[in-house]
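Enquirer: Let me begin by handing over the structure; questions about it come next.
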Amino acid sequence: MLKFAYEMKKDLTISAARRGLAAGEFSSFELTEYYLDRIERNSDLNAFVTIDREKSLFSARKADEKIAGGINMPLLGIPIAVKDLFCTNGMRTTACSRILSDFVPGYESTVTQNLLDDGAVFLGKTNMDEFAMGSANVTSYFGHCFLPFRKKSNPSVKLVPGGSSGGSASAVSSDLCVAATGSDTGGSIRQPASFAGLVGIKPTYGLCSRWGMIAFASSLDQAGPITKTVEDAAIMLKSMAGYDPKDSTSENIDIPDYQKVIGQSIKGLRIGLVSEFMSGLSQENLALIEKTCSWLKDSGCELVDLSLKTVPYSLPAYYIIAPAEASSNLARYDGVRYGYRAEGCRTMEELFVRSRSEGFGEEVKRRILAGTYVLSAGYYDAYYSKALKIRKMISNDFRDNAFSRVDAILSMTTPTPAFSVEESDKMTPVEMYLNDVFTVTANIAGLPGISIPAGLSGDGLPMGVQLIGDKFQEEILLRIAHVLEKCANFGELKKAVLMEDMG
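In this text, residue positions in the sequence shown follow my numbering: the first is 10, and each later residue adds one.
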């Protein structure tokens, strides 16, 4: 086992793992056991909240039997992590909330079933902000999650992995799994990916089924992968996507083999630079955007300046629509049928009030209250109805003034690199929400977006750039992202900032 761990080294990708399994260099059982041991040794990162070692190793043995029998499946024997809002049959699923802390589903979400059908081995469930509400993974009932990076200027402080898919980002960047699932309501895949120096893609709304995902905001939530490379993101997305009649918002379209576009030329593609995304950027961010633009030019792309006047309204519209939908979705957690139930209640009203007050964390309660307010009589038209109209205007703006002229839009993924837990504690809720300023637009408009690691900050922390595409144009985004990945050569940069291997 020690020899195997040594030979594995770091940053095993899905592609490399598939080759190793096919060549008999290692078995799925060895690989799964390797990651399970790493998870245990690095428990201080708090990336995982649920592990079922016996079940994982059983699945790995079954995968090895299929490999030995000559069966070929896209993810056969590959150990991956699952964000804790995808329901997994027989494995605890909590959305990292006290109110669901003992919930064990008797069914499998469509996305995780798709992954299982393609041969994936599940290692466990990853930490996240409670009900996916947060940008730092500091609202989880199971405690904070951390990155394996340190600031040059202050190496003693622990850094947040972003949110809400912080546990997935921490797990992948720490080599506790090969890849992981995430979900993105306003940036919850792309922001953690940026903080962790990873690739994260939020697909077009409707590409991946939401059935079996614990809902936050139903018109915004979308599943997607967090991976070490763009090619791995293409492989994962192919497995996760697909039409699902159980999800009324699922789009019945043919799912292409995204991996086939990896390595294709991007010469002649037009990349938009939206002035509203560039306003107020730090010098460090501007320098990274300029460097990225030079890579795109050298690759034969044309840069096009754009102005989308509706973009600044995305964040305020999001923080009306998302809490409103959360208020409705979370009404089902009342302490009656399942989940946390307050004890000693004398009336039904007391049961409801105490179960919800004790079961939900502060950020979730804040958003439920905000959502209930904007949906209430006398305020619906003033807030929620107007936010929906603005959402339509934003979508039309992209259609008419962006994707009629360009193939993709370039921006920063986040305003800053990863920050410390202490810094997050000092942020007001509004300051925390501003971490999503570049990402929420894609959710509001239902567009695909991908974050690619492109450089390091002056403090030695990963920085990501974002590409936004037209609906169902993930192939174009993946083509561009792969070129940028090669130009940035981030794998070499990351070696300089990763903590000493934790074993």
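Every residue, glycine too, gets a C-beta built ideally from N, C-alpha and C.
#1: Select from Arg107, Val120, Arg375 the residue whose C-alpha is nearest the C-alpha of Gly143.
#2: If you reduce the DSSP assignment to three classes, tell me which class Ala25 lands in.
#3: Roughly how many whole angstroms lie between the Cα atoms of Tyr393 and Ala226?
#4: Quick check on this structure: which residue in Gly175, Val449, Leu465 has the alpha carbon closest to the alpha carbon of Gly458?
#5: For a quick check, are the C-beta atoms of Pro157 and Ser197 less than 8 Å apart?
#6: With DSSP run on the structure shown, which of helix, strand or coil describes Thr450?
#7: Kindly indicate which residue of Thr258, Tyr150, Lys167, Val446 has the alpha-carbon position closest to the one of Glu371.
#8: Using the C-alpha atoms, what's the distance from Ile210 back to Leu216?
#9: Could you check whether Ala417 and Ile262 sit closer than 8 Å to each other, using their CB atoms as the reference points?
#10: Rounded to whole angstroms, what's the CA-CA distance from Ser228 to Glu34? Just pull it up for me.
#11: Roughly how many angstroms lie between the CA atoms of Pro462 and Pro325, to the nearest whole one?
#12: Could you compute how far the alpha carbon of Asp230 sits from the alpha carbon of Leu443?
#13: Quick check on the burial criterion: 16 or more other C-beta atoms within 10 angstroms. Buried or exposed for Asn81?
#14: Do Thr194 and Ala141 have their C-beta atoms within less than 8 Å of each other?
#15: Can you look up Phe95 in the DSSP assignment and give me helix, strand or coil?
#16: Below 8 Å CB to CB, which residues in the same chain sit around Glu285 once its five sequence neighbours on both sides are set aside?
#17: Just to confirm my understanding: we take Met511, look at its own chain, exclude 5 residues before and 5 after, and list those with CB closer than 6 Å. What are they?
#18: Please list, in chain order, all residues of the same chain as Asp53 whose beta carbon is under 6 Å from its beta carbon, the five residues on each side excluded.
#19: For Glu260 and Phe369, I'd like the C-alpha separation in whole angstroms.
#20: Which of helix, strand or coil does DSSP assign to Asp445?
#21: I believe Val130 touches Ser37 by the beta-carbon criterion, under 8 Å. Please report the beta-carbon distance rounded to the nearest angstrom.
#22: Is Ile264 helix, strand or coil when you go by DSSP?
#23: Examine the Cβ distances between the segment 472-491 and the segment 335-355 and report whether three or more of them are shorter than 8 Å.
#24: Count the other C-beta atoms from every protein chain shown that fall within 10 angstroms of the C-beta of Val283, then say buried if there are 16 or more, exposed otherwise.
#25: So Trp304 packs on Cys496, CB below 8 Å; how close in whole Å?
#26: Which term fits Gly277, buried or exposed, when burial requires 16 or more other beta carbons within 10 angstroms of its beta carbon?
#27: Can you tell me the Cβ-Cβ gap for Met137 and Leu94, rounded? I've got them flagged as a contact below 8 Å.
#28: Measure how close the beta-carbons of Ser364 and Asp343 come, nearest whole angstrom, since I'm counting them as under 8 Å.
#29: Among Glu42, Glu484, Ala379, which residue has its Cα nearest to the Cα of Gln273?
Expert: Taking the structure as given:
#1: Residue mapping note: residue 143 aligns to position 134 of the sequence shown, counting from 1. Here the closest residue by C-alpha is Arg375.
#2: Here residue 25 refers to the residue found at position 16 when the sequence shown is read from its first residue. Residue state, collapsed to three classes: helix.
#3: Locating residue 393 in the sequence shown gives position 384, counting from the first residue. Locating residue 226 in the sequence shown gives position 217, counting from the first residue. Answer to the nearest angstrom: the Cα atoms are 14 Å apart.
#4: Translated into positions along the sequence shown, residue 458 becomes position 449. Of Gly175, Val449, Leu465, the residue nearest in Cα terms is Val449.
#5: The sequence position of residue 157 within the sequence shown is 148, counting from 1. The sequence position of residue 197 within the sequence shown is 188, counting from 1. In this structure, Ser197 does not lie closer than 8 Å to Pro157 by Cβ.
#6: As a first step, residue 450 must be located in the sequence shown, where it is residue number 441. In the structure shown, Thr450 sits in a helix (DSSP, three-state: H, G or I).
#7: Counted from its first residue, the sequence shown places residue 371 at position 362. Measuring from the Cα of Glu371, the nearest candidate turns out to be Tyr150.
#8: On the sequence shown, residue 216 is found 207 positions in, with the first residue counted as 1. On the sequence shown, residue 210 is found 201 positions in, with the first residue counted as 1. Spanning the two alpha carbons is a distance of roughly 12 Å.
#9: Counting from 1 along the sequence shown, the entry for residue 262 is found at position 253. Counting from 1 along the sequence shown, the entry for residue 417 is found at position 408. No, the Cβ-Cβ distance between Ile262 and Ala417 is not below 8 Å.
#10: What you label residue 228 is simply residue 219 of the sequence shown in a count that begins at 1. What you label residue 34 is simply residue 25 of the sequence shown in a count that begins at 1. Answer to the nearest angstrom: the Cα atoms are 44 Å apart.
#11: Numbered from its first residue, the sequence shown carries residue 462 at position 453. Numbered from its first residue, the sequence shown carries residue 325 at position 316. Distance between the alpha carbons of Pro462 and Pro325: 27 Å.
#12: Locating residue 230 in the sequence shown gives position 221, where the first residue counts as 1. Locating residue 443 in the sequence shown gives position 434, where the first residue counts as 1. The alpha-carbon atoms of Asp230 and Leu443 are separated by roughly 19 Å.
#13: On the sequence shown, position 72 is the one that residue 81 refers to. By the 10 Å Cβ count, Asn81 comes out exposed.
#14: For the purposes of this step, residue 194 is taken as residue 185 along the sequence shown, with counting starting at 1. For the purposes of this step, residue 141 is taken as residue 132 along the sequence shown, with counting starting at 1. Yes.
#15: In the sequence shown, the residue the question calls residue 95 occupies position 86. DSSP places Phe95 in strand when its eight states are reduced to three.
#16: Along the sequence shown, one-based indexing puts residue 285 at 276. Closer than 8 Å at Cβ, skipping near neighbours: Ser316, Leu317, Lys318, Val320, Pro321.
#17: Against the sequence shown, residue 511 aligns to sequence position 502. In this predicted model, Met511 has a pLDDT of only 49, less than 50, meaning its place in the structure is not dependable; the value taken from the coordinates is given anyway. Excluding residues within five positions, the ones whose Cβ falls inside 6 Å are Asn51.
#18: Within the sequence shown, the letter at position 44 stands for residue 53. Result list for Asp53: empty, nothing under 6 Å.
#19: Within the sequence shown, the letter at position 251 stands for residue 260. Within the sequence shown, the letter at position 360 stands for residue 369. Near 33 Å, if we compare the C-alpha coordinates of Phe369 and Glu260.
#20: By one-based count along the sequence shown, residue 445 stands at place 436. Helix at Asp445.
#21: Counting from one through the sequence shown, the residue named residue 130 turns up at place 121. Counting from one through the sequence shown, the residue named residue 37 turns up at place 28. About 6 Å; that satisfies the 8 Å criterion.
#22: Counted from its first residue, the sequence shown places residue 264 at position 255. Ile264 falls in the coil class under three-state DSSP.
#23: no
#24: Counted from its first residue, the sequence shown places residue 283 at position 274. Burial call: buried.
#25: Numbered from its first residue, the sequence shown carries residue 304 at position 295. Numbered from its first residue, the sequence shown carries residue 496 at position 487. About 4 Å separates the two Cβ atoms, so the contact holds.
#26: Taking the sequence shown and counting its residues from 1, one reaches residue 277 at position 268. So Gly277 ends up on the exposed side.
#27: As a first step, residue 137 must be located in the sequence shown, where it is residue number 128. As a first step, residue 94 must be located in the sequence shown, where it is residue number 85. Between Leu94 and Met137 the Cβ distance is about 7 Å, and since that is below 8 Å, they are a contact.
#28: Taking the first residue of the sequence shown as position 1, residue 364 is located at position 355. Taking the first residue of the sequence shown as position 1, residue 343 is located at position 334. Sure, about 6 Å apart at Cβ, within 8 Å.
#29: Mapped onto the sequence shown, residue 273 falls at position 264. Of Glu42, Glu484, Ala379, the residue nearest in Cα terms is Glu484.
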